[in-house]
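First the structure, in the form of structure tokens, and then the observations on it.
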Amino acid sequence: MSFGIYIHIPYCIQRCPYCDFATYEQSQIPPADKYVKLLQKEIRQNIHNIPGQKIDTIFLGGGTPSLLEASSILTIFDTLWEQGFRLNDGCEVTIEINPATISLKKIKDYLHIGINRFSVGSQTFNDRLLKKIGRKHNLNDTLETLDILAASQVQYSLDLLFALPDQTIDDLKYDLDVISNYRPPHVSCYCLTVSESSPLNVGRPPEEGQILMFDQIERRLVSEGYSRYEISNYCLPGKESRHNMLYWTDQEYWGVGLSAHSYIKNSTWGTRFWNPRAYRDYELLVENKTAFPLGNREPLQLHESLTDFCHTALRISRGLSRFALQKKYGSFLASELCSRLNRLVDLGLLDTHEDRYFLTSRGRLVSNQVFASLTFLKQDLAYILPDNPSGPC
Ligand code: SF4
């Protein structure tokens, strides 16, 4: 079993119009030293909810954590050590960084306090498109950041956002050329998602165009030695994001800070809990030392646990293991589920090899449909489960 800690840093230099994360422009909320104090309090108050663990991964996400100096981040780490947490050998410690917030000195400072992986919010290498989506950084800022990372020989990932307003396939090809030049160990690819009424929806490639773009990304990255190890993530051999793999392989994680989510196996099917999204609500929760409000804590029921297990396992290329299913949920339920999975194989949406099921390329295109057919309601399982479950898968 592995265990990871996510730490949310809500500050950004701009509020991007397409962003759905709990973030604020720096001037809208109290300064970082105050927020770091809240994080320290939260860690000290909630430690009793977290089983004493060695840490395999830490992820500083946001927001733009690279707006924080290394000394502030060290204060957070020191609070974890003070509470008895220790890093396992080879622990992955990632920070999200945004171009225009990074210098060689800052990278060195981060490395010095134990951060060993960087995730760059590059999005696109096209100044016209960066402007369109409301980003303040420009191509030169990104190239400078990538040069620093390449020269420092550190592990890093970059974000590629596509299907942007007025983006052509040639624009995308240029982005892929830049990626090809730097050859980052890891690339996360996201299709821009906005509501139909959003101004950013105007001029976006239609659905077929978006599929062509993903196809272009897939062919180019795979031809250059990357593997698509998760629906939206590619990496060079052995360079998967270990932290994100926790989420996709039913491992425990503790989320600290605004809007952070946690999953701890302290009840039959585990418990999810999460912090408020609004700064003021989070501040009140921590300052008043109140217990989690009811709505923010959810002991999972069997049908929810099974749904999560199927959805997360099918996101990754290694897929869903029949053996793991059987081990966690027993042979009868595993056998019933395998019938559903086999129906998806017949439809060409899943493939199967040895004891595993995984999405086919067609299945990835309509993954929402696949996941919908593997979403269980309480009554589904009441129907499936007999009084006396038994039998092989
Ligand atoms: S910089 Fe990133 S986290 Fe911040 S608002 Fe923009 S998209 Fe969201």
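When we follow our numbering, the leftmost residue of the sequence shown carries the number 13, and every step to the right adds one. Even glycine gets a Cβ: it sits at the ideal position worked out from N, Cα and C.
Query, Result
"Close beta carbons around Gly-375, own chain, < 6 Å, minus the five adjacent residues each side", "Leu-361, Leu-362, Val-382"
"Three CB pairs or more closer than 8 Å across the stretch 127 to 139 and the stretch 160 to 179", "yes"
"Residue span of the alpha helix (DSSP H) that contains Phe-174, given as start and end", "No alpha helix (DSSP H) contains Phe-174, which is instead part of the beta strand (DSSP E) from 167 to 174."
"Continuous beta strand (DSSP E) stretch holding Gln-135: start and end", "129 to 135"
"Run of the alpha helix (DSSP H) containing Glu-104, from where it starts to where it stops", "Careful: Glu-104 lies outside any alpha helix (DSSP H), inside the beta strand (DSSP E) at 98 to 109."
"Inter-stretch contact (C-beta, 8 Å, three-pair minimum) for the stretch 64 to 83 and the stretch 27 to 40", "yes"
"Pro-111 versus Pro-311 - alpha carbon distance", "39 Å"
"Chain-order list of residues whose beta-carbon lies under 7 Å from that of His-273 (same chain, five-residue window excluded)", "Gly-267, Arg-284, Trp-286"
"Arg-27, DSSP secondary structure in three states", "coil"
"Any non-hydrogen atom of the ligand SF4 within 7 Å of Phe-33 CB", "yes"
"Thr-136 Cβ short of 7 Å to the ligand SF4 heavy atom set", "no"
"Exposure label - Ile-181; buried when at least 16 CB within 10 Å", "exposed"
"At least three beta-carbon pairs within less than 8 Å, the stretch 106 to 122 to the stretch 80 to 97", "yes"
"Backbone CA spacing between Gln-391 and Asp-45 [nearest angstrom]", "49 Å"
"Cα-Cα separation, Ser-271 to Pro-43", "18 Å"
"Under 8 Å between C-beta atoms of Arg-232 and Leu-188", "yes"
"Exposure of Ala-34, with buried meaning 16 or more beta-carbon neighbours within 10 Å", "buried"
"First through last residue of the beta strand (DSSP E) which encompasses Lys-66", "66 to 74"
"Cβ-based burial, Ala-290 [other Cβ within 10 Å; buried from 16]", "exposed"
"Beta-carbon proximity list for Gln-57, same chain, < 8 Å, skipping 5 on both sides", "Val-298, Lys-301"
"Closest Cα partner of Val-190 within the set Leu-151, Asp-262, Asp-293", "Leu-151"
"Sub-8 Å separation of Tyr-202 and Phe-137 beta-carbons", "no"
"Three-state secondary structure (DSSP) of Arg-270", "According to the sequence displayed, residue 270 carries Leu and not Arg. Leu-270: coil per DSSP, three-state reduction."
"Residue of His-365, Lys-340, Cys-322 minimising C-alpha distance to Arg-352", "Cys-322"
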